[in-house]
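Read through the structure below, which is laid out as structure tokens, and then see the notes.
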Amino acid sequence: RGHSFSRESQISYYNEGELAIFCLDAELQRRSNGQNGVCDLMVELCNRHAIEYDSADQLGVTYNDIRKALTSMNGGSRLGTMLDSLMKSRQLPDVEKAFKHYSLKLISDVKKDVEKDDSIDAWLGIAFKDSGGQLVVTSHQTGSPLRELLMPGDEIIAINGRRTDSKNRLNSSLKGQKGKMANIIYNHEGVVKSAEIMMLGKVHHKVKIDGKGNQKWRDYISSRQG
Numbered sequence: 001r002g003h004s005f006s007r008e009s010q011i012s013y014y015n016e017g018e019l020a021i022f023c024l025d026a027e028l029q030r031r032s033n034g035q036n037g038v039c040d041l042m043v044e045l046c047n048r049h050a051i052e053y054d055s056a057d058q059l060g061v062t063y064n065d066i067r068k069a070l071t072s073m074n075g076g077s078r079l080g081t082m083l084d085s086l087m088k089s090r091q092l093p094d095v096e097k098a099f100k101h102y103s104l105k106l107i108s109d110v111k112k113d114v115e116k117d118d119s120i121d122a123w124l125g126i127a128f129k130d131s132g133g134q135l136v137v138t139s140h141q142t143g144s145p146l147r148e149l150l151m152p153g154d155e156i157i158a159i160n161g162r163r164t165d166s167k168n169r170l171n172s173s174l175k176g177q178k179g180k181m182a183n184i185i186y187n188h189e190g191v192v193k194s195a196e197i198m199m200l201g202k203v204h205h206k207v208k209i210d211g212k213g214n215q216k217w218r219d220y221i222s223s224r225q226g
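Right under this line is the structure:
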């Protein structure tokens, strides 16, 4: 279940599951030279385990059943480890590698002028609400330099001696501060505290697909239309 420190506060685990399947599909297609994909895996599982299939020898499917079917397919003999890493170790799917199979790249969707400002301005990596002249932390983003310092519900009082009682004042205090040490005064459960932190730059995640793709990509998207 998502909470203020979990990755689900930024990332939909439903979408992450879809990306994991996409990556597994791309790798299976690559290793089988296009002969097999995840759709073929689903067909095989239906044949073995679906209720309305006469060929089913065991109703219901377990993780081990999925893994066994995958590793028995052409191209999937060594993909059991990949499936384990995605499902059991909860490793992030390597989306960039999957897109390379289709001659595509992932790039940031941030505009150049904004990217230029972000190259010198600091980033706290938190979400907050403006509550009656108080900036109150609500959650942390991945890579936040304040993750180990501030808790949800804490108030950011000042940065480098400058009062931060509004979003505009907070943004002003971050101008040109990337890579510098800063003093942060904050309120944690009614106790005013102070700490020194290294100010980091904003992380620009690669979320935009770049390129037209190869024939494999065109075949892939055409098979999922209609």
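Here the sequence shown stands for residues 1 to 226, numbered as in our numbering. Note that beta-carbon positions come from the ideal geometry of N, C-alpha and C, so glycine has one too.
{"Asked": "Per DSSP, the bridge partner or partners of W123", "Found": "L200"}
{"Asked": "DSSP bridge partner residues for F128 (one or two, in chain order)", "Found": "V137"}
{"Asked": "Contact test: S32 Cβ vs the ligand HEM heavy atom, cutoff 6 Å", "Found": "Of the ligands one can find in the structure shown there are none, so the ligand HEM has no counterpart to examine."}
{"Asked": "C-beta atoms of A127 and K178 nearer than 7 Å", "Found": "no"}
{"Asked": "Residue ranges of each alpha helix (DSSP H) within the region 74-110, 4 or longer", "Found": "80-87 and 95-100"}
{"Asked": "Cα-Cα separation, R162 to S173", "Found": "7 Å"}
{"Asked": "For Y63, the first and last residue of its enclosing alpha helix (DSSP H)", "Found": "Y63 to T71"}
{"Asked": "Alpha-carbon to alpha-carbon, V203 and E148", "Found": "18 Å"}
{"Asked": "Backbone secondary structure at K208 - three-state DSSP", "Found": "strand"}
{"Asked": "Cβ neighbour criterion (16 or more within 10 Å) applied to I156", "Found": "buried"}
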